[in-house]
Amino acid sequence: RHFEWAGFGLPREEAFRVYMSLHKLQIAKRLSTVRFFGKILGTTADYYIAEAKFLEDPEEEEPPEGVEPPPVPPEARGTGCNACVYFATNDPAKPWTELPQATPAQISAARCIRKYFTGNLDANVRAFPVFPGKEREYLRAQISCIVHATVLCPKGKYMLQGEEDEPKTVVEVDKEDEESYVPLAPGAMQSVQSWCHYYMGILGIGRTTNLPKEEEEEDEGEEGASKPKVADTEQEVQALAPVSPSDWSVQVVSRMGGVPVVIARSLRWPGANSACLQEEDKFTNLYIGYGHEALPTPFAAMPPPMIQQEPPDLEEQQDPPLADENILFKAAKQAEYEEEEEAAPEE
9 RHFEWAGFGL PREEAFRVYM SLHKLQIAKR LSTVRFFGKI LGTTADYYIA
59 EAKFLEDPEE EEPPEGVEPP PVPPEARGTG CNACVYFATN DPAKPWTELP
109 QATPAQISAA RCIRKYFTGN LDANVRAFPV FPGKEREYLR AQISCIVHAT
159 VLCPKGKYML QGEEDEPKTV VEVDKEDEES YVPLAPGAMQ SVQSWCHYYM
209 GILGIGRTTN LPKEEEEEDE GEEGASKPKV ADTEQEVQAL APVSPSDWSV
259 QVVSRMGGVP VVIARSLRWP GANSACLQEE DKFTNLYIGY GHEALPTPFA
309 AMPPPMIQQE PPDLEEQQDP PLADENILFK AAKQAEYEEE EEAAPEE
């Protein structure tokens, strides 16, 4: 209801249907947590998206034999862009479909195209550059981009935990520890500096983290130039990073007889909103839009590759004289005759 006070979200009847559908999904799929991510609009049908985590992660399928591994391996389930599993449906009354895990190749390709969703997960994505998958993979890649760019949380509510050489995990600050947990004042949430990103940023290679150095050295030593080189190491954007003031606008929505709600609206991803009720220590995120990023300039498709030049003309060789051909022919026949005599059994 935080978004309802701000004039954003789903109608109450539709929200109740989504809530009951998520409750049924959690029981059927044995999910530990599930939340309503949002609604992505399509040309013929819309997608309701659920974000969840399994009680026990299913075993990952091994790649088929004979298939070369991708140059940039995907992140493992439960980490990075695959930290959560996502389900999609066109109607809360219909079954939910689990979306595949996101791969760096799909995320990188999705950033180069701009295609409206049709509402059919099996539809082809006709675009250039060619997208490696159907609409279900394209939807999953766009969800990763939206999540890692728009999911916000109040500053100071979470902290990073982990050793220096290991990946950091986001944990909630102990509220009973007065030294580590200092909640912000309600008026402070009106400032953009009081918000931070919950997830890590996605790098240009389509991952939240760079490839381990050991894997890079092994790949270069074993395969050498046969394997395409990965882009130079980028600076990783850690979780709980501050938000950019140019990408967000903050608004305070007053309630009659209640505590006002602070709404942060994304200017980079229209339709992404974060709501915070600081006095009750509650916050939530919701996305309702077409699944596309706002561009500072009109979108221009990538040009096709350069047309290959014509191959050089073949150089013709002169035929040898007939006498030289006869000499070579007789020599070959003589060698063949001698081999047959040596192979013949002695009487």
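Okay, so the sequence shown: first residue is 9 according to the working numbering, each after it adds one. Quick reminder that beta carbons are idealized off the backbone N, C-alpha and C, glycines included.
Inter-residue spacing [alpha-carbon to alpha-carbon] between residue i and residue j
{"i": "Leu-18", "j": "Cys-89", "result": "27 Å"}
{"i": "Lys-163", "j": "Glu-172", "result": "22 Å"}
{"i": "Val-261", "j": "Met-314", "result": "54 Å"}
{"i": "Gly-212", "j": "Pro-137", "result": "16 Å"}
{"i": "Phe-11", "j": "Ile-271", "result": "8 Å"}
{"i": "Glu-21", "j": "Glu-174", "result": "45 Å"}
{"i": "Pro-253", "j": "Gln-243", "result": "21 Å"}
{"i": "Phe-95", "j": "Thr-177", "result": "24 Å"}
{"i": "Thr-241", "j": "Tyr-27", "result": "42 Å"}
{"i": "Pro-268", "j": "Val-179", "result": "27 Å"}
{"i": "Asn-334", "j": "Phe-139", "result": "60 Å"}
{"i": "Glu-288", "j": "Thr-41", "result": "21 Å"}
{"i": "Pro-108", "j": "Arg-85", "result": "11 Å"}
{"i": "Pro-72", "j": "Asp-255", "result": "42 Å"}
{"i": "Val-181", "j": "Cys-284", "result": "17 Å"}
{"i": "Gln-169", "j": "Gly-214", "result": "24 Å"}
{"i": "Ser-274", "j": "Thr-158", "result": "7 Å"}
{"i": "Ala-135", "j": "Ile-121", "result": "7 Å"}
{"i": "Leu-322", "j": "Ala-117", "result": "39 Å"}
{"i": "His-282", "j": "Ala-23", "result": "Reading off the sequence, residue 282 comes out as Ser, not His. The alpha-carbon atoms of Ser-282 and Ala-23 are separated by roughly 17 Å."}
{"i": "Val-200", "j": "Val-258", "result": "7 Å"}
{"i": "Lys-165", "j": "Ala-193", "result": "12 Å"}
{"i": "Glu-344", "j": "Asp-327", "result": "24 Å"}
{"i": "Ala-91", "j": "Pro-320", "result": "53 Å"}
{"i": "Gly-74", "j": "Thr-292", "result": "45 Å"}
{"i": "Lys-32", "j": "Leu-147", "result": "23 Å"}
{"i": "Trp-13", "j": "Gly-266", "result": "11 Å"}
{"i": "Glu-225", "j": "Glu-347", "result": "Unreliable placement is indicated for Glu-225, whose pLDDT of 47 sits below 50; the coordinate value is still reported in the next sentence. Straight-line Cα distance between these residues: approximately 52 Å."}
{"i": "Val-238", "j": "Leu-294", "result": "Residue confidence is low: Val-238 scores 48 on pLDDT, short of 50, so the model does not pin down where it sits. Its coordinate-derived value is still stated next. Roughly 34 Å between the two C-alpha positions."}
{"i": "Val-133", "j": "Arg-119", "result": "13 Å"}
{"i": "Leu-248", "j": "Ser-202", "result": "11 Å"}
Residues that residue i bridges to, as DSSP identifies them
{"i": "Lys-47", "result": "Tyr-56, Ile-296"}
{"i": "Gln-169", "result": "Thr-177"}
{"i": "Ser-205", "result": "For the record, residue 205 in the displayed sequence is His; it is not Ser. Partner(s): Leu-160."}
{"i": "Ala-96", "result": "Ile-57, Thr-105"}
{"i": "Val-42", "result": "Ala-60"}
Closest Cα partner of residue i within the set the options
{"i": "Leu-303", "options": "Trp-277, Pro-319, Glu-323", "result": "Trp-277"}
{"i": "Ile-35", "options": "Phe-45, Asp-321, Asp-54, Phe-62", "result": "Phe-62"}
{"i": "Pro-250", "options": "His-205, Pro-268, Gly-74", "result": "His-205"}
{"i": "His-300", "options": "Ala-14, Lys-123, Arg-25", "result": "Lys-123"}
{"i": "Ile-115", "options": "Ala-131, Leu-129, Arg-144", "result": "Arg-144"}
{"i": "Ile-210", "options": "His-156, Trp-104, Gln-325, Leu-248", "result": "His-156"}
{"i": "Cys-161", "options": "Gln-286, Ala-113, Cys-120", "result": "Gln-286"}
{"i": "Val-245", "options": "Ser-257, Tyr-207, Asn-281, Val-267", "result": "Tyr-207"}
{"i": "Ser-152", "options": "Leu-168, Pro-140, Thr-126, Pro-112", "result": "Pro-112"}
{"i": "Thr-51", "options": "Leu-129, Gly-74, Thr-105", "result": "Leu-129"}
{"i": "Thr-105", "options": "Tyr-56, Ile-121, Ala-135", "result": "Tyr-56"}
{"i": "Thr-126", "options": "Ile-48, Ala-117, Gly-170", "result": "Ile-48"}
{"i": "Glu-83", "options": "Leu-219, Asp-332, Pro-103", "result": "Leu-219"}
{"i": "Ala-53", "options": "Ala-131, Ala-110, Phe-307", "result": "Ala-131"}
{"i": "Asp-65", "options": "Thr-87, Met-167, Pro-79, Gly-266", "result": "Thr-87"}
{"i": "Val-80", "options": "Gln-342, Thr-216, Gly-297, Ala-352", "result": "Thr-216"}
{"i": "Lys-102", "options": "Leu-30, Ala-352, Glu-346", "result": "Leu-30"}
{"i": "Met-197", "options": "Lys-142, Lys-290, Ala-247, Ile-154", "result": "Lys-290"}
Outcome for residue i when other beta-carbon atoms lying within 10 angstroms are tallied against a minimum of 16
{"i": "Pro-100", "result": "buried"}
{"i": "Glu-76", "result": "exposed"}
{"i": "Leu-330", "result": "exposed"}
{"i": "Gln-317", "result": "exposed"}
{"i": "Met-375", "result": "Past the boundaries of the shown model lies residue 375; the chain is included only from 9 to 355, so the question cannot be answered."}
{"i": "Ser-38", "result": "According to the sequence displayed, residue 38 carries Arg and not Ser. So Arg-38 ends up on the exposed side."}
{"i": "Gly-279", "result": "buried"}
{"i": "Phe-337", "result": "exposed"}
{"i": "Glu-68", "result": "exposed"}
{"i": "Thr-97", "result": "buried"}
{"i": "Gln-325", "result": "exposed"}
{"i": "Arg-263", "result": "exposed"}
{"i": "Gln-150", "result": "buried"}
{"i": "Gly-15", "result": "exposed"}
{"i": "Glu-46", "result": "The sequence given here has Gly at residue 46, not Glu. Gly-46 should be labelled buried."}
{"i": "Lys-235", "result": "Residue confidence for Lys-235 is low, a pLDDT of 49 falling below 50, so the modelled location carries little weight; the figure read from the coordinates is stated next. Exposed."}
{"i": "Ser-59", "result": "Checking the sequence, you will find Glu at residue 59 rather than Ser. Glu-59 comes out buried."}
Any non-hydrogen atom of the ligand SAH closer than 6 Å to residue i Cβ
{"i": "Trp-277", "result": "With respect to the ligand SAH, the structure shown offers nothing to examine, as it has no ligands at all."}
Proximity test, Cβ basis, 7 Å: residue i and chain C
{"i": "Ile-315", "result": "Protein chains in the displayed structure number just one, and chain C is not present."}
Can you give, in chain order, each stretch of the beta strand (DSSP E) that sits fully within the stretch 240-309 and has at least 3 residues? 256-261, 269-274, 280-285, 290-297
Please specify which runs of the beta strand (DSSP E), each continuous and at least 3 residues long, are wholly inside the stretch 111-166, giving them in chain order. 160-162
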